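Step one of this worksheet: look at the structure below.
2 protein chains.
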Amino acid sequence: MARTTGSHSDITGPRVRAAALQLFARHGFAAVSMRQIAREVGVQAGALYNYTPDKQTLLFELMQDHMVELLEAVRDTPGPNPVSRLKAFVRFHIAFHHDRPDAVFIAYMELRNLSAENFREIETLRRRYETVLEEILVAGVEADQFEVVDTKIATLALIAMLTGVNTWFRSEGRLSLADVQDQYWDMVRKVVAAG
Amino acid sequence: MARTTGSHSDITGPRVRAAALQLFARHGFAAVSMRQIAREVGVQAGALYNYTPDKQTLLFELMQDHMVELLEAVRDTPGPNPVSRLKAFVRFHIAFHHDRPDAVFIAYMELRNLSAENFREIETLRRRYETVLEEILVAGVEADQFEVVDTKIATLALIAMLTGVNTWFRSEGRLSLADVQDQYWDMVRKVVAAG
DNA sequence: GATTTAACTGAACGATCGTTCAAAACCAAG
DNA sequence: CTTGGTTTTGAACGATCGTTCAGTTAAATC
Chain A
351 MARTTGSHSD ITGPRVRAAA LQLFARHGFA AVSMRQIARE VGVQAGALYN YTPDKQTLLF
411 ELMQDHMVEL LEAVRDTPGP NPVSRLKAFV RFHIAFHHDR PDAVFIAYME LRNLSAENFR
471 EIETLRRRYE TVLEEILVAG VEADQFEVVD TKIATLALIA MLTGVNTWFR SEGRLSLADV
531 QDQYWDMVRK VVAAG
Chain B
351 MARTTGSHSD ITGPRVRAAA LQLFARHGFA AVSMRQIARE VGVQAGALYN YTPDKQTLLF
411 ELMQDHMVEL LEAVRDTPGP NPVSRLKAFV RFHIAFHHDR PDAVFIAYME LRNLSAENFR
471 EIETLRRRYE TVLEEILVAG VEADQFEVVD TKIATLALIA MLTGVNTWFR SEGRLSLADV
531 QDQYWDMVRK VVAAG
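Line order of the protein sequences matches chains A and B. Sequential numbering of the first sequence, starting at 351, is according to the numbering used here. Sequential numbering of the second sequence, starting at 351, is according to the numbering used here.
Pasting the structure below:
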């Protein structure tokens, strides 16, 4: 055996994924060539195939990694009651998505470039994330703390609203991330409020 | 002179735009070739250049047409007071976007494929549409009918929420479009409500 | 029926695409 | 230093890309 430590693959591999993430987000999956990714990494195009069987799988794994990370992270937002859990969810969603604009962008925009089965897998993960929010809403309704006509619709509406932050918020602007979290929590709170 | 009436260009032209709209929405701008569009129309690729100077302009004009149509249509949603104007806006936005899923999709997803100046032009139109909503919110706040901390943020949040309908609503589902309009109006109403 | 011109074809242009692979380079262990 | 395996190169594959254009087709006018 040779080259187990000191191998480059554990350096080049992450760099390939990082370059692909950034380029896919910036220009779109179909508009980015393997040669562009390779150039960004400082390697020839052929070398990329040590790290992915093909271009589509590279995209899929970026999306999958993002969704899995999202699902694992959302588990760390508990709370004693539906109100505090909802508040934690809102703050978490905004912060997590703000930290990963490229991955978020890709996960929402490049679904159509996935094969049918890869698409199903990502959709399953997304559905699971939505369920986290919906269960909070259901618990709140059952505890008479929320008033929501249709928890499924409210879930989708709230997630769309929260994810929208990524399209305009820049940390150099007039508002801090905490300001944004506060204001969105205020709006979410009112949506689910009684009356 | 010959061939002014009876000309095919006023038939083929719209068909080119329709095919491009559908294909761009389905597969993405970069993933669609001029030959695919031509095949859909039933013509050779070279003939497309009677109707557009290049592929990018074809995309731009689809987006521009959509945004201009949107801005013209939103003018027809007046009301005697901020509450009814907001309600009309919500119902309008959902219905208009539901009728044009492909154009909406493209206008939101293909911005990065525009040249810098084409991008600016589309962004200006979008900003103008957002202003329609924001002015309703401002009027409502000034009339003490709404309570909104930051009308700019609320505008973006509400539009993101409303546009999100397109990602999941199908008219064959359990809900009618009117149901969806009612429920979203309920949520929007609560977001801007006092208390 | 001759003329005029819009509409379209079909082939071609150079460029670039995703992917493959033999050969070279490289590095760590023996 | 040799060996053995990992990693990368560099060239090549056929396919397809956006765009151009000389030439053909077809329809409306005279």
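Cβ atoms here follow ideal geometry from the backbone N, Cα and C, with glycine treated the same way. All values derive from a computational prediction rather than experimental measurement.
Residue i classed as buried or exposed, judged by whether at least 16 other C-beta atoms fall within 10 angstroms
i	result
Arg435 (chain B)	buried
Pro432 (chain B)	buried
Ala375 (chain A)	buried
Thr505 (chain A)	buried
Ile509 (chain A)	buried
Thr402 (chain B)	buried
Ala370 (chain B)	buried
Gly396 (chain A)	exposed
Gly392 (chain A)	exposed
Ala466 (chain B)	exposed
Thr501 (chain A)	buried
Val541 (chain B)	buried
Val499 (chain B)	exposed
Ala493 (chain A)	exposed
Met537 (chain A)	buried
Best match in the options for proximity to residue i [C-alpha to C-alpha]
i	options	result
Ile503 (chain A)	B:Arg365, B:Gly523, B:His447 and B:Ala397	B:Gly523
Gly429 (chain A)	A:Arg441, A:Asp536 and A:Glu419	A:Arg441
Asn463 (chain B)	B:Met384, B:Gly363, B:Ala493 and B:Gln406	B:Gln406
Tyr479 (chain A)	A:Ser465, A:His447 and A:Leu421	A:Leu421
Arg389 (chain B)	B:Gly514, B:Met417, B:Trp518 and B:Leu373	B:Leu373
Asp360 (chain B)	B:Gln386, B:Ala381, B:Leu398 and B:Ser383	B:Leu398
Leu475 (chain A)	A:Ile486, A:Ala457, A:Leu487 and A:Ser465	A:Ala457
Arg520 (chain A)	A:Ala466, A:Asp449 and A:Ala380	A:Asp449
Ile486 (chain A)	A:Gln394, A:Thr427, A:Val515 and A:Thr362	A:Thr427
Pro451 (chain B)	B:Ala489, B:Thr513 and B:Thr501	B:Thr513
Phe496 (chain A)	A:Ala453, A:Ala544 and A:Arg477	A:Ala544
Ile477 (chain A)	A:Ala381, A:Leu409 and A:Val418	In the sequence as presented, Ile is not what sits at residue 477 (chain A); that position holds Arg. Comparing Cα-Cα distances from Arg477 (chain A) to each of A:Ala381, A:Leu409 and A:Val418, the minimum goes to A:Val418.
Ser526 (chain A)	A:Thr481, A:Ala445 and A:Ala381	A:Ala445
Leu409 (chain A)	A:Val424, A:Trp518 and A:Ala381	A:Ala381
Arg539 (chain A)	A:Gln386, A:Val491, A:Phe455 and A:Arg385	A:Val491
His447 (chain A)	A:Asn516, A:Asn400 and A:Ala368	A:Asn516
Ala368 (chain B)	B:Ala453, B:Asn400 and B:Asp404	B:Ala453
Contact set for residue i: own chain, Cβ-Cβ below 8 angstroms, skip 5 residues either direction
i	result
Gly378 (chain A)	Met459 and Glu460
Gln394 (chain B)	Ala388
Met511 (chain A)	Tyr534, Met537 and Val538
Sequence-distant residues of its chain with Cβ nearer than 6 angstroms to residue i (five each side left out)
i	result
Arg365 (chain A)	Val391
Thr362 (chain B)	none
Val488 (chain B)	Thr501
Val482 (chain A)	Val424
Arg385 (chain A)	Ala395
Lys437 (chain A)	Trp535
Ser383 (chain B)	none
Glu484 (chain B)	Thr501 and Thr505
Neighbourhood of residue i by C-beta, 7 angstroms cutoff - its chain only, sequence neighbours within 5 removed
i	result
Phe455 (chain A)	Ala375
Any non-hydrogen atom of the ligand ADP closer than 7 angstroms to residue i Cβ
i	result
Ala388 (chain A)	Inclusion of the ligand ADP in the displayed structure is not the case, the ligand content being empty and no account of it being possible.
* On the three-pair Cβ rule with 8 angstroms, is the region 468-476 of chain A touching the region 409-420 of chain A? -> Cβ pair count under 8 angstroms is three or more, so yes.
* To do: Check whether the region 437-452 of chain B touches the region 522-537 of chain B, counting contact only when three or more Cβ pairs, one atom from each stretch, lie closer than 8 angstroms.
  => Contact between the region 437-452 of chain B and the region 522-537 of chain B is established, with three or more Cβ pairs separated by less than 8 angstroms.
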